[in-house]
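Structure record follows, encoded as structure tokens.
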Amino acid sequence: MKKFNIKIFFYILTGLIMLNSCLNSDIEEAVEYKDYYNTLDDADNAIKGLYGQFMELAEQVVVLNELRGEYLDVTENASLDLIEINNHQPDKANPWISVQKFYGVIQNCNDILYNFDLMLKENKLTTEEHKERYSDVGALRTWLYYQLGVHFGEVPYIVDPVVDISDIDKYKGNVLNLDQLIPTLISFMENLPTLEPYLNSQLIANTLDGYSLVPFFINKKCLLGDLYLFNNEYEKAATIYRDVLSEGEDLAATDRRQHRKNRLYSWVWTGGEVDYFAVLYSRYKQQDLSTLYNAWRGMFSLPADNQGVREEMIWEMTFDYKFAPKYPFIELFSNQGKGKYLLKPSDYAISDLWGAQVQNNGFPYDCRGISGGVEEQADGTYLVAKYSYDYDAINKPFQQSGKWFLYRAAILNLRYAEAANRAGYPRLAWALVNDGIKGEAFRWRHEDGSEYRGDSIAQSSWGPGNNYPEPYYFDARNSEQPYLRSPWRDGAGVRGRVNLPNIDMSHITTHQDSIAFVEKMILNEAGLELAFEGHRWTDLIRYARRYQKENGSGGSFLNETLRGKYLKAGQPAPDLSAERSWYFTLPNE
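Residues in the sequence shown are numbered consecutively from 2, following our numbering.
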């Protein structure tokens, strides 16, 4: 990987310290530093301020993860800086690879963690109050380092508050490459006081600027699962993902959370608005394109406290035009109002990825592209629409509000499927990606073709009565005799809920070939489902590193995956054959 000048980094950090000193000088004249953290409200306000600072990273996270992938491209309005990111060759002065904001948030995390420990020691926080808040801030810092590692390959790892320039010296040798960083982050997460979400805290009881804070905070279990998956610890990843997927399973069958939360729910549509997210056609009129109701895209526009959104979104943040920070995605993606239309869906994604899909009723496109996450204009251009459904460019051009969706149920299902597949359960992984546990994979049949009775099918198993062990067991049974309403009975699968057919793998004959086939299928589906949401490069690097370690094919995998985007655009494709080319060099700022 590319080497960076460690001295340059510490000049950057020194600048951050000096900047913070200048910004805080007036406050420090009135309030002693030790008095910043005195009450529970002080602790909660520190966390709210931290997340507000974190929100300023939204556009950088999305651009770095998506523009380097195959679904997003530059427009003719794009700056040279964006073109450089698209070509995987940014200049060291390129602002998109600046780490100042990342390390600014990390420095704040370190300060908060240090002071939370002091508050616990001085009985200003109870053990319960401390463990929730400390774990939340620690997980957010872990996520930041994970992102830096994915993009730069090696990073200075600083975990204590740096309040004086002389404190920097002890970190000059603490630069970790990805093989060192990921286990370090895993160890830290495993030793947090808790991985549970906030339960009784005022942080989730109240609102911020009128918005629910329940989905505002990072999900620690999902993050640890992602780290395990990145580190090729598939059993551990599957176990912790399954724990998150199990939410609501113990509730009564009449409680909608029992069969909707994280389930990728869908149902027959008979008209009217729905609060679930699927591609629907009127009942008995599935061949009539005019009856299409693309409810899948509603998750990106409905408010965070909408019941359906709460069942899909695991971690999301709401930006309001009345408050800082500014919502950045209108400027990037919209071509009206205050939009500058700098980035667009790639032509390759439109024609060869979403355009290559055929729905169950024969219509030749994937509704997660055009009419879903993409909007087609009258002049034939395409816009990224996921971030701008509620933007009124004509009447309210200055009211730039929207959401940043960082983790949702579809990601969780796909990541779990990836882990389960590598752990040796490709049939289960295939089911979750296609038509769900209730679907074709586990509908066991007798020799005459008839199905086994309802209590013997729709469970993840090797066959009737031979269920998979934990964490690979799912129950989707739905029968009258005996009466069963199991938690996964309405889970439609990633493709099933958007009206796409199952992917055929009848030509695959061996178990190992099944794992290889399903793994590529999952990656392809993740692109179709999650485009523009800030995950693609992280997914591609995870796969590339895995293949590089197994057989040295990581570079060829990346070249093959990305080539179509550049060919379609008439541009030369970057050469990512060498592993060092996968990562940026720390910028000279």
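Glycine included, each C-beta is placed from N, C-alpha and C at the ideal position.
7 Å Cβ cutoff met for residue i and residue j
| i | j | result |
| --- | --- | --- |
| Arg416 | Tyr242 | yes |
| Leu281 | Tyr294 | yes |
| Tyr474 | Ala421 | no |
| Lys339 | Phe533 | no |
| Tyr567 | Phe558 | no |
| Tyr366 | Gly356 | yes |
| Arg142 | Ile113 | no |
| Leu343 | Ala570 | no |
| Leu51 | Phe103 | no |
| Asp276 | Gly309 | yes |
| Phe320 | Gly211 | no |
| Asp161 | Asn220 | no |
| Pro326 | Glu57 | yes |
| Gly373 | Arg496 | no |
| Ala430 | Ala418 | yes |
| Ala527 | Asp540 | yes |
| His131 | Leu121 | yes |
| Leu68 | Asn88 | no |
Neighbourhood of residue i by C-beta distance below 7 Å, restricted to the same chain and skipping five residues each side
| i | result |
| --- | --- |
| Glu133 | Thr195, Tyr199 and Ser202 |
| Leu290 | Phe364 |
| Met522 | Val434 and Ile504 |
| Arg284 | Val269, Trp270 and Thr271 |
| Asp456 | Arg478, Ser480, Pro483 and Leu485 |
| Tyr158 | Tyr146, Asn175, Leu177, Leu182 and Thr185 |
| Gly464 | Trp445 |
| Ile438 | Ala432, Ala459, Ser461, Phe475, Ala477, Trp489 and Gly492 |
| Asp391 | Ser302, Ser402 and Gly403 |
8 Å CB neighbourhood of residue i in its chain, flanking five on each side removed
| i | result |
| --- | --- |
| Ile84 | Val75 |
| Lys345 | Leu73, Asp74, Val75, Thr76, Phe334, Thr382, Tyr383, Leu384 and Val385 |
| Glu452 | Arg444, Trp445, Arg446 and Ile458 |
| Ser22 | Reliability fails at Ser22, whose pLDDT of 44 lies under 50, so the model's placement of it is uncertain and no value is given. |
DSSP-derived helix/strand/coil call for residue i
| i | result |
| --- | --- |
| Arg409 | strand |
| Gly492 | strand |
| Asp74 | strand |
| Trp268 | coil |
| Glu471 | coil |
| Phe278 | coil |
| Asn1 | Because the chain in this structure spans residues 2 to 590, residue 1 falls outside the shown range and cannot be described. |
| Leu225 | helix |
| Ile438 | coil |
| Thr143 | helix |
| Val100 | coil |
| Asp476 | strand |
| Leu293 | coil |
| Leu563 | helix |
| Val310 | helix |
| Phe320 | strand |
| Leu343 | coil |
| Gly249 | coil |
| Asp576 | coil |
| Gln502 | According to the sequence provided, residue 502 is Pro. The question's Gln does not apply to it. Coil. |
| Ile315 | strand |
| Asn116 | helix |
| Glu534 | coil |
| Leu196 | coil |
| Thr586 | coil |
| Arg1 | Outside the shown range of the chain (2 to 590) lies residue 1, about which nothing can therefore be said. |
Cβ shell of residue i (< 6 Å), same chain only, five flanking positions each side left out
| i | result |
| --- | --- |
| Leu225 | Met190 and Ile241 |
| Ser267 | Ala279, Ala493 and Arg498 |
| Val215 | Ile205 |
| Ala193 | Note on identity: in this sequence residue 193 is Leu, with Ala being the wrong assignment. Excluding residues within five positions, the ones whose Cβ falls inside 6 Å are Ser136 and Gly139. |
| Met506 | Phe518 |
| Gly370 | Trp355 |
| Trp594 | Residue 594 lies beyond the range of the chain shown here (2 to 590); nothing can be said about it. |
| Leu20 | Reliability of the predicted coordinates at Leu20 is poor, the pLDDT of 46 falling under 50, and the value obtained from them is presented with this limitation in mind. Taken in chain order, the list of residues that qualify is empty. |
| Asn362 | Gln287 and Gln288 |
| Ser26 | Any answer about Ser26 is weak, because its pLDDT of 38 lies below 50 and its placement is not dependable; what the coordinates show is given next. Within the same chain, Ser26 has no close Cβ partners at all. |
| Glu250 | Pro488 |
| Pro573 | none |
Residue-chain proximity (residue i, chain B), Cβ-Cβ < 7 Å
| i | result |
| --- | --- |
| Tyr474 | This model lacks chain B altogether, as it is built from one protein chain only. |
Cβ-Cβ separation, residue j to residue i (assumed contact under 8 Å), whole Å
| i | j | result |
| --- | --- | --- |
| Glu580 | Gly555 | 6 Å |
| Asn39 | Lys125 | 6 Å |
| Val63 | Gly535 | 4 Å |
| Pro502 | Asn95 | Wrong, their Cβ atoms sit about 43 Å apart, outside the cutoff. |
| Leu563 | Tyr544 | Wrong, their Cβ atoms sit about 12 Å apart, outside the cutoff. |
| Trp538 | Asn66 | 4 Å |
May I ask you to verify whether the segment 253–272 touches the segment 481–495, counting CB pairs closer than 8 Å and requiring at least 3? Using a C-beta cut-off of 8 Å, the segment 253–272 makes contact with the segment 481–495, since at least three inter-stretch Cβ pairs fall below that distance.
Using 8 Å as the threshold, is the segment 386–402 in touch with the segment 320–337, meaning 3 or more CB pairs across them? Yes, the segment 386–402 is in contact with the segment 320–337.
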